[in-house]
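Take a look at the structure set out below.
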Amino acid sequence: MRTLTAALAVSTALSSPVIAEDFSWAVTTDPQTMDPHAVSSAPVLGFLNNVYEGLVRRGKDMSIEPALATSWEPIGDGEGWRFFLREGVTFQNGNAFDAQDVLFSYERASSEASDVRSWFAPVSEVRVVDDFTVEIMTSAPNPIFPDSIANWMIMDSDWARQHLVEFPDKEQGNFATLNTNGTGAFRIVSRQPDLETVLEPFDGWWGEVEHNITRATLTPVQNPATALAALLSGDVDFINPVPIQDVARLQGNDDVSVIQGIEARVIMFGFPHEAETLKFSSDVTDANPFADVRVRQAVAHAINVPAILQTIMRGNAEEVAQLVSPAMRGFSDGLAERPEYNPDRARELLAEAGYPDGFSFGLKCPNNRYLNDEAVCQAATGMLAQVGLNAELDAMPVSNYWPELRADNYDMYLLGWSPGTFDAEHPIRFLASTPNEEKRLGSWNFGGYSNERIDALLPMIQSEIDDSKRQMMLDEVAGILQDEAAYVPMYVQPLIWGTASNIEMVQRPDNFFILRWVTVN
Amino acid sequence: MTDTPIETPAAKAPPKTAFGRFLDSDFFYSFRKSPVAVTSFGVTVLLILSAIFAPLIAPTNPFDPASLNLMNGFTAPMTPNAFTGETFLLGTDDQGRDVFSTILYGMRISLFVGAAAVAFAMVLGIALGLLAGYVGGWTETIIMRVADVQLTFPSILVAMLIFGIAKGVTPIEYRDQMAIWVLIVAIGLSDWVQFARVVRGATLVEKGKDYVQAARLIGRRPVPIMVRHILPNVLSPVLVIATISLALAIIAEATLSFLGVGAPPTQPSLGTLIRIGQGFLFSGEWWILFFPALTLLALALSVNLLGDWLRDALNPKLR
């Protein structure tokens with residue numbers, strides 16, 4: 005039987021006049037789930053943007069454009085937003101799309117089990133007006149709401165109920181972890197986690213097709229050097245990222261091209277603000293030195309960011325002093341200076357805080373999530389050791405990393421944050437707000453950092469329409485975060501993609517790879 | 256036998272010590288006459304000594320993060336660094352670690368793991384081999400069939416399996432400290448079969464000899480017979496296997512570490528260093544990979560050649 009199928013496949017391939025445009029690409033991190041509401045991380049959301057769609061989506065220049073909604077308008081005096089849905093859209097299993105699916109997806113994505121519920125923190129209610137009109141009410145005026153839901157993907161309510169996946173399941177997984185049914189331009193033909201995911205164009209897609217792909221294969225390759233070798237040998241057409249050390253060499257190669265840009269992602273260290281004691285210390289076991297602002301400032305002064313950028317990043321990244329990069333809306337221009345590298349100042353601060361000889365602690369790092377993440381942590385370990393802070397480095401794959409952080413198993417950790425809305429408000433909501441399940445705030449604030457003033461400013465920032473007043477409040481928050489060294493931001497990660505030279509694609513600054521913009525020449 | 260040799264006027268040589276007798280032996284003669292043996296012995300001893308005295312030889316301590324200067328990263332061998340002006344014999348890696356020092360320290364881990372794994376395999380293999388050969392019957396059948404089954408698996412696979420299980424059951428905070436010991440047990444357990452088979456074979460031959468029968472007759476118990484009488488007579492083939500196994504164990508350790516399941520980056524062995532260097536293979540920093548790989552090659556090759564020569568020298572049929 006197998007031979008017969010194979011023979012058939014060969015004969016079809018031979019007789020077919022259309023040349024199949026197979027496209028394959030390699031990434032370091034396999035999207036850990038196919039459920040668009042289960043994990044809020046760029047590898048998952050970026051990949052699923054090819055399969056699922058939201059009411060709105062981001063264009064090639066990151067601007068918001070219509071997707072499943074054709075237009076939208078504010079209701080009254082900032083009470084909410086009214087979305088007019090696209091008619092005639094079908095899901096990949098043939099079911100029709102309507103307002104009930106939007107309501108269902110809201111309930112699913114804002115439920116307790118969802119990882120993206122903080123997107124809906126401003127939402128008070130979702131109303132279905134008719135089959136193709138939905139009103140999303142907000143508790144306060146929210147001028148940037150449509151910008152904030154570009155990654156909120158709509159799932160088919162009937163399909164979800166039929167397969168008993170009304171709620172996402174982060175830990176155990178369910179039918180939606182492996183299977184998809186979106187409205188997007190591509191559908192998943194086969195999915196083998198950590199091995200291979202195959203996509204084919206969805207014939208019933210409503211949009212205008214720009215790409216010429218007939219089949220696309222995603223292969224996770226953990227070792228960047230292996231991925232690079234695959235690109236050079238022609239086994240894959242696209243890799244993300246290109247190892248930073250190989251950029252110069254690739255630029256001289258005619259068979260491949262390098263697409264470079266500055267990503268929105270800020271790489272920083274975080275601290276256990278709420279912890280009573282250190283977890284991995286051999287000398288300080290009855291206190292948490294990181295609760296002291298001077299210790300955190302000492303960390304900021306001890307890390308030689310220019311040296312990291314010069315050697316490990318090879319001059320391909322930029323220093324940053326805030327939780328967002330200068331390219332984001334709401335960046336505070338007056339606070340762009342990082343604390344200078346000054347080990348003596350760091351030692352002074354430690355002495356003032358009562359740790360003249362430093363202390364030991366555990367540093368957690370991912371080793372396959374950000375560019376050269378483990379190398380950066382190793383370098384930081386050396387720099388911290390020079391002022392007496394002896395970090396015990398534990399680097400692990402990202403699939404183990406988030407659960408470790410959620411379980412508070414760290415004394416200090418590395419985090420990269422890319423604001424999905426491209427606005428300075430985003431990291432405040434996720435990283436700087438006091439964690440609050442009910443209000444869906446601070447969901448990635450692992451250390452439980454808490455500042456009353458910031459908590460009070462956030463709703464005001466969200467509802468402020470006047471740009472200069474809004475900026476003043478954002479500046480105030482950025483100032484507080486810097487003074488308190490709540491996080492130690494280091495640099496903005498560069499974006500380096502490598503493609504075969506016959507491929508054309510669009511690189512979006514959020515590092516999302518959008519298949520429907522790919523042309524194979 | 257007396258310790259004092261009978262002196263004759265013809266041979267005015269001083270009383271021969273054990274070492275003197277060794278220098279006169281056939282064994283040493285064949286060693287002296289074999290350039291391969293002399294060279295490989297020299298290289299092995301040099302490498303082992305430099306590993307043992309690494310803290311005295313190495314210009315820096317690569318395990319002390321406080322001593323590293325990141326700005327020294329990616330310095331080419333014998334070329335002054337563009338920022339700090341420092342020069343390194345074999346260059347530096349991405350963290351500014353001196354490659355020469357990391358090799359010396361890495362070799363310590365490689366040699367220690369290799370030697371300890373072989374020792375473990377040897378003790379286990381000899382014990383089971385003696386038991387199987389001397390006791391016979393069901394004991395022999397079970398031990399030797401287990402050995403046969405294990406022989407059908409590649410040893411690296413067995414080592415990875417053991418390593419994986421051990422990693423799963425150790426708590427995460429102890430994993431790095433345990434990694435080295437787990438590695439030793441994993442490689443040792445995958446290697447005992449060779450020893451057991453040879454020792455069993457030799458024991459079967461020795462068992463029937465008169466001295467064993469005599470020992471039995473005077474009422475010695477089986478364990479003293481095995482350990483005091485048979486063991487010394489089966490040791491020379493074991494020595495050969497141990498030397499060759501050492502080379503294989505060093506390579507097995509390097510393979511596991513290269514695959515990322517062996518020595519952690521904080522205690523890099525030669526294999527870990529090669530894995531780190533592999534990331535810079537395309538970008539022109541060849542020395543990060545090349546020198547650790549060369550050292551591993553020299554170490555494994557010289558130990559292996561030494562083992563080969565030992566096998567020939569101890570084999571009476573080849574004399």
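These protein sequences, in sequence, are chains A and B. The numbers in the first sequence follow the numbering used here, run straight up by one, and end at 525. The numbers in the second sequence follow the numbering used here, run straight up by one, and end at 574. Ideal Cβ placement from N, Cα and C applies to all residues, glycine included. Since we're looking at a predicted model, the values are computed, not measured.
| message | Applying the 10 Å Cβ sphere with the 16-neighbour rule, what's the burial state of A/Thr37? | response | What you label residue 37 of chain A is simply residue 33 of the first sequence in a count that begins at 1. With 16 or more other Cβ atoms within 10 Å, it is buried.
| Same chain only: Cβ atoms within 7 Å of A/Leu254, ignoring 5 sequence neighbours per side | By one-based count along the first sequence, residue 254 of chain A stands at place 250. So the list reads Val246, Val260, Val262, Gly502, once near-sequence residues are dropped.
| With a Cβ-Cβ cutoff of 7 Å, do B/Leu486 and B/Ser365 count as a contact? | As a position in the second sequence, residue 486 of chain B is number 231, starting the count at 1. As a position in the second sequence, residue 365 of chain B is number 110, starting the count at 1. Cβ atoms of B/Leu486 and B/Ser365: not closer than 7 Å.
| request: Can you give me the Cβ contacts of A/Tyr491 inside the same chain, cut-off strictly under 6 Å, excluding the 5 residues immediately before and after it? | output: Within the first sequence, numbered from 1, the residue matching residue 491 of chain A stands at position 487. The beta carbon of A/Tyr491 lies closer than 6 Å to those of Met272, Gly274 in the same chain, with the five residues before and after it left out.
| query | How would you label A/Glu441, buried or exposed, when you count the other beta carbons within 10 angstroms and need 16 or more for buried? | reply | Counting from one through the first sequence, the residue named residue 441 of chain A turns up at place 437. Its Cβ having fewer than 16 others within 10 Å, A/Glu441 is exposed.
| field | Selection of the stretch 315-332 of chain B by Cβ proximity to chain A, strictly under 9 Å | value | Asp319, Pro320, Ala321, Ser322, Leu323, Asn324, Leu325, Met326, Asn327, Gly328, Phe329
| request: Using 10 angstroms around the beta-carbon of A/Val213, count the other beta-carbons present and answer buried if the total reaches 16, otherwise exposed. | output: In the first sequence, the residue the question calls residue 213 of chain A occupies position 209. Exposed: under 16 other Cβ atoms inside 10 Å.
| said: Let me check one thing: in DSSP terms, what residues is A/Asn440 bridge-paired to? | reply: The count along the first sequence starts at 1 and reaches residue 440 of chain A at position 436. Beta-bridge pairing links A/Asn440 to A/Leu445.
| task | Check whether the Cβ atoms of A/Gly84 and A/Thr32 sit closer than 7 Å, and answer yes or no. | result | Within the first sequence, residue 84 of chain A is the residue found at index 80, counting from 1. Within the first sequence, residue 32 of chain A is the residue found at index 28, counting from 1. No, they are not a contact pair.
| By DSSP, does A/Ser194 sit in helix, in strand, or in coil? | On the first sequence, position 190 is the one that residue 194 of chain A refers to. A/Ser194 falls in the strand class under three-state DSSP.
| request: Compile a chain-ordered list of the residues in the stretch 25-58 of chain A whose CB is closer than 7 Å to at least one CB of chain C. | output: Although the question refers to chain C, the structure presented lacks it and instead comprises the protein chains A and B.
| query | Is there at least one Cβ from chain B nearer than 7 Å to A/Ser15's Cβ? | reply | The count along the first sequence starts at 1 and reaches residue 15 of chain A at position 11. Note that A/Ser15 has pLDDT 41, beneath the 50 cutoff, so the model's placement of it is unreliable and no number is given.
| query | Candidates B/Pro409, B/Val460, B/Val373: which alpha carbon is nearest B/Trp447's? | reply | Counted from its first residue, the second sequence places residue 447 of chain B at position 192. Of B/Pro409, B/Val460, B/Val373, the residue nearest in Cα terms is B/Val373.
| field | Residue range of the alpha helix (DSSP H) that includes A/Pro47 | value | The sequence position of residue 47 of chain A within the first sequence is 43, counting from 1. Per DSSP, A/Pro47 belongs to the alpha helix (DSSP H) from 46-52.
| request: Could you check what DSSP says for A/Gly452 in three-state terms: helix, strand or coil? | output: Taking the first sequence and counting its residues from 1, the one referred to as residue 452 of chain A is at position 448. A/Gly452: coil per DSSP, three-state reduction.
| Inter-stretch contact at 8 Å, needing at least 3 Cβ pairs: the stretch 46-60 of chain A / the stretch 182-194 of chain A | yes
| Looking only at its own chain, which residues have a Cβ that is under 6 Å from the Cβ of A/Tyr345, when we skip the five neighbours before and after it? | Here residue 345 of chain A is taken as the residue at index 341 of the first sequence, counted from 1. So the qualifying residues of the chain are Asn308.
| said: With a threshold of 7 Å between beta carbons, is B/Gly534 in contact with chain A? | reply: Residue numbering aside, residue 534 of chain B sits at position 279 when the second sequence is read from its first letter. So yes, B/Gly534 belongs to the interface.
| task | Kindly list the residues whose CB is nearer than 8 Å to the CB of A/Glu408, restricted to its own chain and excluding five residues on each side of it in sequence; keep chain order. | result | Looking up residue 408 of chain A in the first sequence gives position 404. For A/Glu408, where only same-chain residues beyond five positions count, the Cβ hits under 8 Å are Lys368, Met400, Tyr414.
| Can you name, in chain order, every residue of its own chain whose Cβ lies under 7 Å from the Cβ of A/His430, other than the five neighbours on each side? | For the purposes of this step, residue 430 of chain A is taken as the residue at position 426 of the first sequence. Excluding sequence neighbours, A/His430 sits near Pro423, Gly424.
| field | Where the alpha helix (DSSP H) containing A/Trp210 begins and where it ends | value | On the first sequence, position 206 is the one that residue 210 of chain A refers to. Premise fails: A/Trp210 is in no alpha helix (DSSP H) and is neither H nor E.
| field | Option nearest B/Phe583 by Cα separation, candidates B/Ile543, B/Asp567, B/Leu302 | value | A query on residue 583 of chain B cannot be resolved here, the shown segment of chain B reaching from 256 to 574 and no further.
| So which residues of chain A does B/Asp349 contact, with C-beta pairs closer than 9 Å? | The count along the second sequence starts at 1 and reaches residue 349 of chain B at position 94. Those are Gln249, Thr315, Ile316, Asn376, Ala379, Gln382, Ala383, listed as they occur along chain A.
| Residue range of the beta strand (DSSP E) that A/Val31 falls in? | Translated into positions along the first sequence, residue 31 of chain A becomes position 27. Segment 26-31, the beta strand (DSSP E) holding A/Val31.
| So which residues of chain B does A/Arg253 contact, with C-beta pairs closer than 9 Å? | Counted from its first residue, the first sequence places residue 253 of chain A at position 249. Within chain B, the residues near A/Arg253 are Phe537, Ser538, Gly539.
| message | So A/Asn257 contacts chain B; which residues on that side make the cut at Cβ distance below 7 Å? | response | As a position in the first sequence, residue 257 of chain A is number 253, starting the count at 1. Ordered by position in chain B, no residue passes the 7 Å Cβ test against A/Asn257, which lies about 10 Å from the chain.
| task | Using DSSP bridges, identify the partner residues of A/Gln264. | result | By 1-based counting over the first sequence, the position of residue 264 of chain A is 260. DSSP, once it has assigned bridges, lists A/Ile500 as partnering A/Gln264.
| query | Can the beta-carbon of A/Phe242 be found less than 7 Å from the beta-carbon of A/Trp29? | reply | Taking the first sequence and counting its residues from 1, one reaches residue 242 of chain A at position 238. Taking the first sequence and counting its residues from 1, one reaches residue 29 of chain A at position 25. Yes; because the gap between Cβ atoms is below 7 Å, this pair is in contact.
| request: Say whether chain B places a C-beta atom closer than 7 Å to the C-beta of A/Gln390. | output: To locate residue 390 of chain A, count along the first sequence from 1; it is residue 386. Closer than 7 Å: yes.
| query | Relative to the alpha-carbon of A/Ala42, which residue among A/Gly82, A/Gln104, A/Val169 has its alpha-carbon at the smallest distance? | reply | Residue 42 of chain A sits at position 38 when you count from the first residue of the first sequence. Selected option, being the one with the closest Cα: A/Val169.
| Can you name the residues that DSSP bridges to A/Pro245? | Within the first sequence, residue 245 of chain A is the residue found at index 241, counting from 1. Partner(s): none; A/Pro245 has no beta bridge.
| task | For the beta strand (DSSP E) containing A/Phe542, list its first residue and its last residue. | result | No answer is possible for residue 542 of chain A: the residues shown for chain A start at 5 and end at 525.
| said: With a threshold of 7 Å on Cβ separation, who are the neighbours of B/Ser500 within its own chain once the five nearest residues in sequence on each side are excluded? | reply: Here residue 500 of chain B refers to the residue found at position 245 when the second sequence is read from its first residue. These residues qualify, in order along the chain: Val373, Ala376, Asp446, Gln449.
| Opposite A/Glu139 in the DSSP bridges: which residues? | Here residue 139 of chain A is taken as the residue at index 135 of the first sequence, counted from 1. Its beta-bridge partners are A/Arg86, A/Arg131.
| field | Entirely enclosed beta strand (DSSP E) segments - the stretch 371-429 of chain A, minimum 3 residues | value | As far as the stretch 371-429 of chain A is concerned, its whole beta strand (DSSP E) runs of at least 3 residues are 393-400, 416-421.
| request: For the beta strand (DSSP E) containing A/Ile68, list its first residue and its last residue. | output: Position 64 of the first sequence holds residue 68 of chain A. Run containing A/Ile68: 68-70, per the beta strand (DSSP E) assignment.
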